[in-house]
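For reference, the structure discussed in these notes is given below.
In structure tokens, the structure reads:
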């Protein structure tokens, strides 16, 4: 997990105007991180295989391959390629796909709505199920509710997506014929892939929620609230929810960032035309410009979501934003 | 939280999740009416410009939008007229093709020899960067003269007609007007179908071209869907989502066979599963006796019956009976582990270590079966699995330092021995880790000999040399395996084409 909650504490002595400076600092770090990531990916990709060999017909000669390399600009020196990549990237040009001969950014833009829809749907499902299960298992610790729900959560997390996905397809598409097996044919098509993804994320969220609520339950204010006769519902909604929110938000944000980067396995199983499928196709074809663009995009998403999460802490818990003492962060 | 609230939360989550689906993306295809076919392929076409890419899933789609200069008879595989109605050679290197009159592109403009010549020149143009260049590189230039297409080759080429069956003719004026990039997105052809819509990475919808010159097609709409996972393609067939699924594995075929409403359509193709040896820097495999021992250690019947589930045929060389130059007089492969052991002893190679290079693109079960067969006669095989790009870089490197044996599957889409044994075994070719000047001379001569009888004789000599030196072994002839439901009437062909004008759906 990344260091998300810490900076606010470090700036304990500063007051609110520190926030813009904090955001600027984080953005500076973000640019540096993006530069580092793309540089590593640029060189690592070129060490591992030659796209020209994958593009030519089987009977091609060495000269045919060289011809394709030249046409793709791969026969220039590595430094030359790197500098021209950086130069173009700064101008917003991430190059053309070797395979599809279209701008890498256009390919990502086409796939993004699919991945975004899937990610948001999966996140909603996993937050709702995860939080509800987490709260119940914490409140009913040691009771039958916990003994029933925890194994389900663990199974959800332990089953790999390719297995969960295929099981769901076998039951709901092949046997019952209720839901489409693959592709996008309307909102119902979203259900199976979203549940597949949510089964992984919900488990993580449920466990973190459970831990956070258990921690809160041991606090004095809970005992006081109970002593004053607060009902369980009131206790959960008024007190525990806000105070347990920060760790849950952290996990949910990380899950969202992961999901937006493309859920590779789930997208392949459900023939979902999102970023995940594009990633796997581009990596196996060594479609360098597309892989570089995806990595850049996924890193940017990660950084932006982390930054937004940091800022959200302040909304949830004013002590974080004002740099006040203590707090759940 | 009480039960009612819990239930409400679940409902809300589902509703929100489904609601999220409505923003930004459109359902690509509606339900299936009569005359509509839904087809699952493994990949989304890499382009719709027929000058660029040539892979099977890309071909499957765009070859319905465009007409080819020539086609093959799906039953006999003979080259037959299509856009060119007849052809003649005026000298060993010059071919004249008479174009079919009255053919128009779907925008109404006439298709002429000029368009055909442009379609070839475009692939030959270095700046265009066609990945099909290698298939047409024997052509010097293509021009239009007196209504004919005239093709000049650099040397006499007996395989020219084969490769011209893969040439789709594009409209010169339209391509030049809109540019290559726009053409790949909005292609216009003269073929039996026109592009209706394409959803990137997901599906391509074609509808029948009312202006097509051929007999009206029974199929009115075809939806090609990209479903990369084979188990998902099977599920699509089982749930009646699609009518046809391509590129099925033998296991998947077994599953489909158990469903009485589905059928397996399969046919032997020109694809050869083979084992190639490193005869230059392969260690133990530099010795022809070791290569012979390996050939005799392999249980070919088990590969075909158990692993391929019968979707393969035994062969006697690197070529299938479909290829020109195939020599049926050669003896079939045979399994003789005792003789293999004897040969290894003779070569002092008992217990030798062999590196087998492979990639996930090649059936891992076959690779492991070969490893087992070789262990049984006393050879230790270390499988080195790397992804396809890395694998190609390794085995195609001129240093020949890639190991001792490798498994592969080969198809030149040309139904000719030249397209198999020349690139695989001619000295200096990227796939070849073998060198024999006699063999080189024979295959060089054969690829420039027009007379079929003489060519056949040359290939017999070439195969005889290969059977003696064993730089590789043909393991079996692979089948194309499709799954279909009972709506579809179609017979697949050896070239793995997916021509919609040859299909019918009820």
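Residue numbers (my numbering), protein chains in the order written: chain A, 18 to 346; chain B, 781 to 1286. For every residue, glycine included, the Cβ atom is placed at its ideal position computed from N, Cα and C.
From the options, residue whose alpha carbon lies closest to that of residue i
i, options, result
"residue 1067 (chain B)", "B:1239, B:1121 and B:1127", "B:1127"
"residue 300 (chain A)", "A:258, A:41, A:67 and A:50", "A:67"
"residue 1102 (chain B)", "B:829, B:880 and B:1047", "B:1047"
"residue 978 (chain B)", "B:967, B:971 and B:1015", "B:967"
"residue 180 (chain A)", "B:946, B:1012 and B:1135", "B:1012"
"residue 1065 (chain B)", "B:1030, B:1129, B:1053 and B:1016", "B:1129"
"residue 833 (chain B)", "B:902, B:1197, B:1026 and B:1231", "B:902"
"residue 1324 (chain B)", "B:1007, B:1004, B:973 and B:1008", "The displayed coordinates of chain B run from 781 to 1286. Any statement about residue 1324 (chain B) would go beyond what the structure contains."
"residue 105 (chain A)", "A:169, A:122, A:92 and A:173", "A:122"
"residue 1192 (chain B)", "B:1174, B:1027, B:1218 and B:916", "B:916"
"residue 1256 (chain B)", "B:1180, B:1078, B:1232 and B:1122", "B:1078"
"residue 177 (chain A)", "A:127, A:281 and A:86", "A:281"
"residue 323 (chain A)", "A:47, A:115 and A:64", "A:47"
"residue 1236 (chain B)", "B:1214, B:864 and B:1197", "B:1197"
"residue 52 (chain A)", "A:313, A:329 and A:205", "A:313"
"residue 116 (chain A)", "A:69, A:90, A:97 and A:160", "A:69"
Unbroken beta strand (DSSP E) run spanning residue i, endpoints
i, result
"residue 179 (chain A)", "Taken as a continuous stretch (DSSP letters only), residue 179 (chain A) belongs to no beta strand (DSSP E), being part of the alpha helix (DSSP H) at 178-185."
"residue 852 (chain B)", "850-852"
"residue 1252 (chain B)", "1252-1265"
"residue 879 (chain B)", "874-879"
"residue 973 (chain B)", "973-979"
"residue 1042 (chain B)", "1042-1057"
"residue 928 (chain B)", "928-933"
Contacts around residue i, its chain only, beta-carbon distance under 6 Å, and the 5 residues preceding and following it disregarded
i, result
"residue 311 (chain A)", "296"
"residue 288 (chain A)", "199 and 200"
"residue 207 (chain A)", "138"
"residue 1133 (chain B)", "1160"
"residue 1271 (chain B)", "none"
Span of the alpha helix (DSSP H) around residue i
i, result
"residue 898 (chain B)", "893-904"
"residue 813 (chain B)", "No alpha helix (DSSP H) contains residue 813 (chain B), which DSSP labels as neither H nor E."
"residue 1198 (chain B)", "1198-1205"
"residue 1151 (chain B)", "1144-1156"
"residue 167 (chain A)", "161-175"
"residue 96 (chain A)", "95-107"
"residue 293 (chain A)", "292-301"
"residue 269 (chain A)", "258-277"
beta-carbon residue i near the ligand SAH non-hydrogen atom, thresh 7 Å
i, result
"residue 866 (chain B)", "Among the ligands in the structure shown, none appear at all, so the ligand SAH cannot be discussed."
Test: residue i CB closer than 8 Å to a CB of chain D
i, result
"residue 99 (chain A)", "Protein chains in the displayed structure are A and B, and chain D is not among them."
Other residues of its chain near residue i: CB distance less than 7 Å, five sequence neighbours each side excluded
i, result
"residue 953 (chain B)", "889"
"residue 933 (chain B)", "873, 918, 919, 920 and 940"
"residue 827 (chain B)", "833, 838 and 964"
"residue 1281 (chain B)", "972, 994 and 997"
Cβ shell of residue i (< 8 Å), same chain only, five flanking positions each side left out
i, result
"residue 191 (chain A)", "198"
"residue 62 (chain A)", "303, 305, 308 and 309"
"residue 257 (chain A)", "152, 230, 233, 234 and 239"
"residue 1145 (chain B)", "1087"
"residue 133 (chain A)", "277"
"residue 976 (chain B)", "985, 986, 987 and 1001"
**Study point:** Near-chain A residues of the segment 972-986 of chain B - C-beta to any C-beta below 8 Å
**Key:** Within the segment 972-986 of chain B, the residues whose Cβ lies closer than 8 Å to some Cβ of chain A are 979, 980, 981, 982 and 983, listed in chain order.
Point to revise | Inter-stretch contact at 8 Å, needing at least 3 Cβ pairs: the segment 1134-1152 of chain B / the segment 1073-1089 of chain B | key: Yes, the segment 1134-1152 of chain B touches the segment 1073-1089 of chain B.
Exercise for review: Compile a chain-ordered list of the residues in the segment 883-911 of chain B whose CB is closer than 7 Å to at least one CB of chain A.
Suggested key: Answer in chain order: 906, 909 and 911.
Exercise for review: May I ask you to list, following chain order, the residues of the segment 183-201 of chain A that have a beta carbon less than 8 Å from some beta carbon of chain B?
Suggested key: Going along the segment 183-201 of chain A in chain order, one finds 183, 186, 187, 190, 191, 194, 197, 198, 199, 200 and 201 with a Cβ nearer than 8 Å to chain B.
Check your understanding: Within the chosen definition, does the segment 1223-1241 of chain B reach the segment 1089-1109 of chain B through at least 3 CB pairs nearer than 8 Å?
Key -> By the Cβ criterion, the segment 1223-1241 of chain B is in contact with the segment 1089-1109 of chain B, since at least three pairs of Cβ atoms, one from each stretch, lie closer than 8 Å.
**Study point:** Members of the segment 1196-1210 of chain B that neighbour chain A once the beta carbon cut-off is set at 7 Å
**Key:** Per Cβ criterion, the list reads 1199, 1203, 1209 and 1210.
Review point. Would you call the segment 1092-1099 of chain B and the segment 1261-1270 of chain B in contact, with 3 or more CB pairs under 8 Å?
Key: Between the segment 1092-1099 of chain B and the segment 1261-1270 of chain B there are fewer than three C-beta pairs closer than 8 Å, too few to call the two in contact.
Practice item. Could you say if the segment 1031-1042 of chain B and the segment 840-859 of chain B meet the contact criterion of at least three C-beta pairs nearer than 8 Å? Key: Result no; under three Cβ-Cβ pairs closer than 8 Å.
**Study point:** Members of the segment 48-81 of chain A that neighbour chain B once the beta carbon cut-off is set at 8 Å
**Key:** Of all residues in the segment 48-81 of chain A, only 65, 66, 67, 68, 70, 71, 72, 73, 74, 75, 76, 77, 78, 79 and 81 place a beta-carbon less than 8 Å from a beta-carbon of chain B.
Check your understanding: What residues in the segment 1005-1023 of chain B have a beta carbon less than 7 Å from any beta carbon of chain A?
Key -> Residues are counted here when their Cβ sits less than 7 Å from a Cβ of chain A; for the segment 1005-1023 of chain B these are 1005, 1006, 1007, 1008, 1009, 1011, 1012, 1015, 1016, 1018, 1019 and 1021, given in chain order.
Check your understanding: Between the segment 1172-1186 of chain B and chain A, which residues of the former have a C-beta closer than 7 Å to a C-beta of the latter?
Key -> Here the close residues are 1172, 1173 and 1176.
Review point. What residues in the segment 83-113 of chain A have a beta carbon less than 7 Å from any beta carbon of chain B?
Key: So the list reads 84, 85 and 88, given in the order they occur along the chain.
Review point. According to a CB-to-CB cut-off of less than 9 Å, which residues of the segment 294-309 of chain A neighbour chain B?
Key: Cβ contacts with chain B: 294, 295, 297, 298, 300, 301, 302 and 303.
Review point. Got a sec: which bits of the segment 914-939 of chain B sit with their beta carbon under 9 Å from any beta carbon on chain A, in order along the chain?
Key: Within the segment 914-939 of chain B, the residues whose Cβ lies closer than 9 Å to some Cβ of chain A are 914, 915 and 917, listed in chain order.
Check your understanding: Looking at chain B, which residues of the segment 152-168 of chain A have a Cβ within less than 9 Å of any of its Cβ atoms?
Key -> When CB distances to chain B are screened at a threshold of 9 Å, the residues of the segment 152-168 of chain A falling below it are 152, 153 and 156, in chain order.
Practice item. Take every Cβ of the segment 313-327 of chain A, pair it with every Cβ of the segment 1178-1187 of chain B, and state whether three or more of those distances are shorter than 8 Å. Key: Put simply, the segment 313-327 of chain A does not touch the segment 1178-1187 of chain B. Fewer than three CB pairs are less than 8 Å apart.
**Study point:** Contacting positions in the segment 115-128 of chain A - beta carbon closer than 8 Å to chain B
**Key:** So the close ones are 116, 117, 118, 119, 124, 127 and 128.
Check your understanding: How do the segment 140-152 of chain A and the segment 269-276 of chain A stand: do at least 3 beta-carbon pairs fall below 8 Å, yes or no?
Key -> By the Cβ criterion, the segment 140-152 of chain A is in contact with the segment 269-276 of chain A, since at least three pairs of Cβ atoms, one from each stretch, lie closer than 8 Å.
**Study point:** Interface positions of the segment 939-962 of chain B facing chain A (Cβ-Cβ less than 9 Å), listed along the chain
**Key:** Listed by position along the chain: 960 and 961.
Exercise for review: Please confirm if the segment 1056-1064 of chain B is in contact with the segment 852-866 of chain B, defined as three or more CB-CB distances below 8 Å between the two stretches.
Suggested key: The segment 1056-1064 of chain B, when compared against the segment 852-866 of chain B, does not touch it at the 8 Å Cβ threshold.
Exercise for review: Decide yes or no for the touch test of the segment 78-89 of chain A against the segment 895-910 of chain B: beta carbon pairs closer than 8 Å, at least 3 of them.
Suggested key: Touching, per the Cβ criterion.
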